[in-house]
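Encoded as structure tokens, the structure appears first; notes follow it.
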Amino acid sequence: MFQHMFTEMNELLDQLIEQYPDASESQKRQYEQQMNELKKVSDSFIEQWLEFEEKLSDFKDNHGELISKPIIGTGASESHSMPPAANEPLKAKQEISATSVCNKADLEIPDEAAVIISKGQGYYKLFMFPEAAAQFQIAIGQSPECNLARLFLAMTHMHMQNWSEAQRHFQLLIALTDFPKWLALGYNALGCIQAVHMNLAHAEKLFMKAHHVYPSFTDPLNNLKSCQQTPLQLSLYFGSTELCCL
420 MFQHMFTEMN ELLDQLIEQY PDASESQKRQ YEQQMNELKK VSDSFIEQWL
470 EFEEKLSDFK DNHGELISKP IIGTGASESH SMPPAANEPL KAKQEISATS
520 VCNKADLEIP DEAAVIISKG QGYYKLFMFP EAAAQFQIAI GQSPECNLAR
570 LFLAMTHMHM QNWSEAQRHF QLLIALTDFP KWLALGYNAL GCIQAVHMNL
620 AHAEKLFMKA HHVYPSFTDP LNNLKSCQQT PLQLSLYFGS TELCCL
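Our numbering numbers the first residue of the sequence shown as 420 and each following residue consecutively.
What follows is the structure, encoded as structure tokens:
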């Protein structure tokens, strides 16, 4: 998970660095904001890693001898091994989380952020998108690594036709998540943005990428068909209905 995340973050940073010199002033400000958000996410994980290392070091200092000693006794192997039946629920849980649109337990969202996100979701489902965007932005400010808040914020900007902001957050989402359906939602939405700007060849590539990542998500193929058959009268689906169950 983390290897994928940092690979995507590096690729996005490389793109920003490459495009920055020839960008307009407004684009440069946008790129700088994206770089700042990437840094916030990186800093957050560094802090968590340092906290983890400190806890592990303290434990080894206090219990190192116990860790190094072999466990002796006839019942040792049974007491430290998990029976096959107990492994099945864990396997099922992992399969569900890998394809889930959202599972707060998987994301370990801080309590304070969860309350704000829930409020934003309420506004979102009432089509009060400016109010929803404000709540999701607050949540990201508190927890920049929270993919759920970023997904909703990006989708909210799509509803408000703030294409530039939506694109920025979907690009960051793709860099930060490894959930197949979230990746598909991101690529599909980015394809819609390219189609809106009539960059149809690029849009089609993104729709195919979304389909490849999560084939059961039908919107990308519908959008691809729209681009190929009726490019002057596009009917685009950017995945908003997929969030209704959250």
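Even for Gly, the Cβ is constructed at its ideal location relative to N, Cα and C.
Could you check the C-alpha separation between residue i and residue j for me, to the nearest Å?
i	j	result
Y439	S659	31 Å
A573	E437	24 Å
E564	K447	23 Å
L591	F571	13 Å
L609	L567	17 Å
L655	N429	30 Å
A603	L435	22 Å
P650	P529	44 Å
G539	E456	20 Å
E427	H588	14 Å
S562	V534	12 Å
L643	A553	32 Å
Y606	Q648	20 Å
A629	D441	29 Å
L625	T637	14 Å
H576	L545	15 Å
W601	A551	19 Å
I536	F657	21 Å
K459	Q452	11 Å
E444	M547	31 Å
L640	Y543	26 Å
Q556	G541	15 Å
L634	G560	Note that residue 634 is Pro in the sequence shown here, rather than Leu. Taking the straight line joining both Cα atoms gives about 33 Å.
P599	M627	14 Å
Could you please give the first and the last residue of the uninterrupted alpha helix (DSSP H) stretch that includes residue i?
i	result
N641	638 to 648
F571	566 to 578
L591	582 to 595
M627	619 to 632
M540	Here residue 540 is Gln; the residue named in the question, Met, does not match the sequence. It spans 530 to 544 - the alpha helix (DSSP H) in which Q540 sits, taken as one unbroken run.
Y606	599 to 615
A553	548 to 561
Between the options, which lies nearest to residue i when the distance is taken from Cα to Cα?
i	options	result
P579	Q561, S562, I612, K600	It should be pointed out that residue 579 corresponds to Met in this sequence rather than to Pro. The residue with the shortest Cα to Cα distance from M579 is I612.
N581	S562, H616, P599	H616
S645	L619, T575, Y450	L619
L431	H621, L595, D638	L595
Y450	E584, S562, T426, I559	E584
A622	T575, Q586, I536	Q586
A558	S635, P639, A532	A532
D688	Q652, M454, I593	The question about residue 688 has no answer here: the residues shown for the chain are numbered 420 through 665.
Q652	M627, A614, Y542	A614
Within the 7 Å Cβ cut-off, does residue i reach chain C?
i	result
P529	Looking for chain C here will not work: only one protein chain is present.
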